[in-house]
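Trainee:
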Amino acid sequence: MKVQPVSEVKNPVRTDQFQLNKPQITFITGGIIVAFLLGIYLFTTQEITQPILLLLGLLLGYTLFHARFGFTSAFRRFMSVGNGEALRSHMLMLAVAVTLFAPILAYGYSFFGAEVNGYVSPVGISLLVGAFVFGIGMQLGGGCASGTLYAVGGGRTVMFVTLLFFIIGSTIGAKHLPFWTEDLPSFAPISLATSMGLGYGGAWLVSIILFGMITWITIVVERKKQSPKMASVPSEKGWKRILRGSWPLLAAAVVLAVLNALTLMTRGTPWGITSGFALWGSKIAALIGVDVASWGYWQGDNAQALQASIFADSTTVLNFGVILGAFIASAAGGLFKFTRLNLKNVAASVIGGLLMGYGARLAFGCNIGAYFGGIASFSLHGYIWGILALGGTFIALYVRPLFGLSVPKSKDSFC
5 MKVQPVSEVK NPVRTDQFQL NKPQITFITG GIIVAFLLGI YLFTTQEITQ PILLLLGLLL
65 GYTLFHARFG FTSAFRRFMS VGNGEALRSH MLMLAVAVTL FAPILAYGYS FFGAEVNGYV
125 SPVGISLLVG AFVFGIGMQL GGGCASGTLY AVGGGRTVMF VTLLFFIIGS TIGAKHLPFW
185 TEDLPSFAPI SLATSMGLGY GGAWLVSIIL FGMITWITIV VERKKQSPKM ASVPSEKGWK
245 RILRGSWPLL AAAVVLAVLN ALTLMTRGTP WGITSGFALW GSKIAALIGV DVASWGYWQG
305 DNAQALQASI FADSTTVLNF GVILGAFIAS AAGGLFKFTR LNLKNVAASV IGGLLMGYGA
365 RLAFGCNIGA YFGGIASFSL HGYIWGILAL GGTFIALYVR PLFGLSVPKS KDSFC
């Protein structure tokens, strides 16, 4: 049975009574073969961490698609009708993440002797503007950074447009970043653990209290607004649900937190996405004669990445893994199918992709690098990113209908 995703169009078909499709064995096999060959290539040409990161990316992508774990839809549901179910799964994910990150960052645990550093970034105009712009962009583009990757893996055609312009926006943002960070007001990075004298134990306790408060607020708002419930997703029953169908959001939240911690211990930094987009776009720009090496963004530590193979870039490898993992998960559920394009959803994807790409560079990351990775690293900028992205989401609620995109309503039976 065909079911329109609530996030895509006005007046979607709304039903939670439908069966899971049969597995697409050919696609599953093809996805596994591609992943295996890429893993062999990385093993023979790159450092040992790269094939491991590919595996982690595969698991991240499989989990994201398998649970339909969203950031864009979570923000939209809460800002439009007060449904906080997905936001509460974020709080669980972050609670597990800070519990794992605290000892890793405090003692420098890593698998291959890499220096371990969290994502702790400056707080300034660039963060405020970038996160707000990203919040608008993800609501128009149809998904955040992780959502774009796993939707591409799932065959949602319009998200290829979003990804293309995400890359373009990120590249433009890389060129402009020195203006935003050097010419405009900016404060030094603030860590709850190291900047405020709390230590990682104290920062962990403060974080858990904050997550609990946010959870309580979502419950209060949900009850006051009598919010519609989230729509269910087709799934297998019993042990088959591990491989096909849908995982509960809370289960996926725990898995994503564990995988992020493993990523931190493998490469020395948490999971990130959009720096890879800036690299891809800059390399393409260099090929057509643009002097990207002279940009401030590509000076210092970043200069080596610009000269090296993209397969030496750990974020790129993770991104490829997420796409492949989502592809395999969608095929396992019998759901991989290219969708139709129209002028309105293409226009929304172009604008949304550009805004997300540009905003992510200004804000030192996206929903993964800044929000998930930043908060898990005890960085104040992660919390500010979340607040500003919610603000951008609120504005986007009034813009989405112009492009034929739906917005949940209080009288809906589910959202």
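In the numbering used here, the protein residues as written are 5 to 419. Note that the Cβ used here is the ideal one computed from N, Cα and C, for glycine as well. Because the structure is a prediction, the values reported are computed rather than measured.
From residue 336 to residue 150, what distance separates their C-alpha atoms?
Mentor: Here residue 336 refers to the residue found at position 332 when the sequence shown is read from its first residue. Here residue 150 refers to the residue found at position 146 when the sequence shown is read from its first residue. Rounded to whole angstroms, residue 336 to residue 150 spans 20 Å at the Cα level.
Trainee: Could you spell out where the alpha helix (DSSP H) holding residue 402 opens and where it closes?
Mentor: For the purposes of this step, residue 402 is taken as the residue at position 398 of the sequence shown. First-last for residue 402: undefined, no H or E at that position.
Trainee: Where does the unbroken alpha helix (DSSP H) through residue 83 begin, and where does it stop?
Mentor: Indexing the sequence shown from 1 puts residue 83 at position 79. Counting along the chain, the alpha helix (DSSP H) containing residue 83 begins and ends at 76-85.
Trainee: Going by CA-CA distance only, name the one from 25, 370, 284, 401 that's closest to residue 152.
Mentor: Position 148 of the sequence shown, counted from the start, is the residue given in the question as residue 152. It is 370.
Trainee: If we count Cβ pairs, one from each stretch, closer than 8 Å, do we get three or more for the segment 184-198 versus the segment 306-319?
Mentor: Result no; under three Cβ-Cβ pairs closer than 8 Å.
Trainee: Thinking C-beta only, is residue 72 closer than 8 Å to residue 412?
Mentor: Here residue 412 refers to the residue found at position 408 of the sequence shown. Here residue 72 refers to the residue found at position 68 of the sequence shown. The answer is no: Cβ separation not under 8 Å.
Trainee: For residue 128, list the residues DSSP reports as bridge partners.
Mentor: As a position in the sequence shown, residue 128 is number 124, starting the count at 1. DSSP lists 190 as partners of residue 128.
Trainee: Among the residues of its own chain, which have a CB less than 6 Å from the CB of residue 12, if the five just before and after it don't count?
Mentor: Along the sequence shown, one-based indexing puts residue 12 at 8. Note that residue 12 scores a pLDDT of 47, beneath 50, so its modelled location is shaky and nothing firm can be said.
Trainee: Do you know how far the Cα of residue 359 is from the Cα of residue 143?
Mentor: Within the sequence shown, numbered from 1, the residue matching residue 143 stands at position 139. Within the sequence shown, numbered from 1, the residue matching residue 359 stands at position 355. Near 10 Å, if we compare the C-alpha coordinates of residue 359 and residue 143.
Trainee: Go ahead and label residue 40 buried or exposed: buried means 16 or more other beta carbons lie within 10 angstroms of its beta carbon, across all protein chains shown.
Mentor: As a first step, residue 40 is located in the sequence shown; it is residue number 36 there, counting from the start. Per the 10 Å Cβ criterion, exposed.
Trainee: When the Cα atoms are used, what is the spatial distance from residue 140 to residue 194?
Mentor: As a working mapping, residue 140 is identified with position 136 in the sequence shown. As a working mapping, residue 194 is identified with position 190 in the sequence shown. Their Cα atoms are separated by approximately 26 Å.
Trainee: Which two residues bound the contiguous alpha helix (DSSP H) that contains residue 153?
Mentor: For the purposes of this step, residue 153 is taken as the residue at position 149 of the sequence shown. From DSSP, the alpha helix (DSSP H) with residue 153 extends over 149-157.
Trainee: Tell me the rounded alpha-carbon separation between residue 171 and residue 357.
Mentor: For the purposes of this step, residue 171 is identified with residue 167 of the sequence shown, where counting begins at 1. For the purposes of this step, residue 357 is identified with residue 353 of the sequence shown, where counting begins at 1. Cα-Cα distance, rounded: 8 Å.
Trainee: Looking at residue 369 and the ligand FMN, is the gap between the Cβ and the nearest heavy atom below 7 Å?
Mentor: By its list of ligands, the structure shown contains no ligand whatsoever, and the ligand FMN lies outside what it can speak to.
Trainee: In or out: residue 342 buried (at least 16 other Cβ within 10 Å) or exposed?
Mentor: In the sequence shown, counting from the first residue as 1, residue 342 sits at position 338. Exposed is the call here.
Trainee: Return the chain-ordered list of same chain residues with a C-beta closer than 6 Å to the C-beta of residue 119, the five sequence neighbours on each side being excluded.
Mentor: Here the question's residue 119 lines up with position 115 in the sequence shown. Around residue 119: 272.
Trainee: Between the C-alpha atoms of residue 57 and residue 397, what's the straight-line distance to the nearest angstrom?
Mentor: As a working note, residue 57 is residue 53 in the sequence shown. As a working note, residue 397 is residue 393 in the sequence shown. Cα-Cα distance, rounded: 31 Å.
Trainee: Locate the alpha helix (DSSP H) running through residue 163, then write down its first and last residues.
Mentor: To locate residue 163, count along the sequence shown from 1; it is residue 159. From DSSP, the alpha helix (DSSP H) with residue 163 extends over 162-182.
Trainee: Under a Cβ-count criterion, where at least 16 other Cβ atoms within 10 Å of its own Cβ denotes burial, should residue 217 be classed as buried or exposed?
Mentor: Taking the first residue of the sequence shown as position 1, residue 217 is located at position 213. By the neighbour-count rule (16 or more Cβ atoms within 10 Å), residue 217 is not buried but exposed.
Trainee: State the DSSP-derived secondary structure class of residue 195, mapped to helix, strand or coil.
Mentor: Numbered from its first residue, the sequence shown carries residue 195 at position 191. It is a strand residue.
Trainee: Does DSSP put residue 298 in a helix, in a strand, or in coil?
Mentor: Locating residue 298 in the sequence shown gives position 294, where the first residue counts as 1. Looking at residue 298 - three-state DSSP - the assignment turns out to be helix.
Trainee: Less than 7 Å between C-beta atoms, sequence neighbours within five positions excluded: which residues of the same chain meet that for residue 249?
Mentor: Taking the first residue of the sequence shown as position 1, residue 249 is located at position 245. Same-chain partners within the cutoff: 24, 238, 239, 240, 337.
Trainee: Residues in its own chain within less than 6 Å of residue 64 by CB, not counting five upstream and five downstream?
Mentor: As a working mapping, residue 64 is identified with position 60 in the sequence shown. For residue 64, where only same-chain residues beyond five positions count, the Cβ hits under 6 Å are 263, 326.
Trainee: For a test of the three-state rule: what should DSSP assign to residue 414, helix, strand or coil?
Mentor: To locate residue 414, count along the sequence shown from 1; it is residue 410. DSSP places residue 414 in coil when its eight states are reduced to three.
Trainee: Kindly identify the DSSP beta-bridge partner or partners of residue 233.
Mentor: Translated into the one-based positions of the sequence shown, residue 233 becomes position 229. Answer is 418, bridged to residue 233.
Trainee: Would you tell me roughly how many angstroms separate the C-alpha atoms of residue 161 and residue 182, rounded to the nearest one?
Mentor: The residue you call residue 161 lines up with position 157 of the sequence shown. The residue you call residue 182 lines up with position 178 of the sequence shown. Looking at the two C-alpha atoms, the distance is approximately 34 Å.
Trainee: Contact between the segment 371-387 and the segment 105-123: three or more CB pairs below 8 Å?
Mentor: Short answer: they touch.
Trainee: Terminal residues of the continuous alpha helix (DSSP H) containing residue 284?
Mentor: The residue labelled residue 284 in the question sits at position 280 within the sequence shown. Residue 284 -> alpha helix (DSSP H) spans 278-291.
Trainee: May I have the straight-line CA-CA distance separating residue 407 from residue 353, to the nearest angstrom?
Mentor: Taking the sequence shown and counting its residues from 1, one reaches residue 407 at position 403. Taking the sequence shown and counting its residues from 1, one reaches residue 353 at position 349. Rounded to whole angstroms, residue 407 to residue 353 spans 10 Å at the Cα level.
Trainee: Buried or exposed: residue 116, going by 16 or more other Cβ atoms within 10 Å of its Cβ?
Mentor: Mapped onto the sequence shown, residue 116 falls at position 112. Exposed: under 16 other Cβ atoms inside 10 Å.
Trainee: Who are the near neighbours of residue 399 in its chain, counting only those whose CB is closer than 7 Å to its CB and skipping five residues on each side?
Mentor: The residue labelled residue 399 in the question sits at position 395 within the sequence shown. Hits under 7 Å: 140.
Trainee: What alpha helix (DSSP H) runs, 4 residues minimum, are completely inside the segment 305-333?
Mentor: Fully enclosed alpha helix (DSSP H) runs of 4 or longer: 306-311.
Trainee: Given a cut-off of 8 Å, decide if residue 42 and residue 281 are closer than it, judged by their beta-carbon atoms.
Mentor: For the purposes of this step, residue 281 is identified with residue 277 of the sequence shown, where counting begins at 1. For the purposes of this step, residue 42 is identified with residue 38 of the sequence shown, where counting begins at 1. In this structure, residue 42 does not lie closer than 8 Å to residue 281 by Cβ.
Trainee: For the segment 164-179 and the segment 283-295, state whether three or more C-beta atom pairs, one from each stretch, are separated by less than 8 Å.
Mentor: The answer is yes - the segment 283-295 touches the segment 164-179, with three or more Cβ pairs under 8 Å.
Trainee: Express the C-alpha separation of residue 366 and residue 127 in angstroms, rounding to a whole number.
Mentor: On the sequence shown, residue 127 is found 123 positions in, with the first residue counted as 1. On the sequence shown, residue 366 is found 362 positions in, with the first residue counted as 1. Approximately 11 Å, taken between the alpha carbons.
Trainee: Apart from the five residues just before and just after residue 165, which ones in its own chain have a Cβ nearer than 8 Å to its Cβ?
Mentor: What you label residue 165 is simply residue 161 of the sequence shown in a count that begins at 1. Excluding residues within five positions, the ones whose Cβ falls inside 8 Å are 345, 350, 353, 354, 357.
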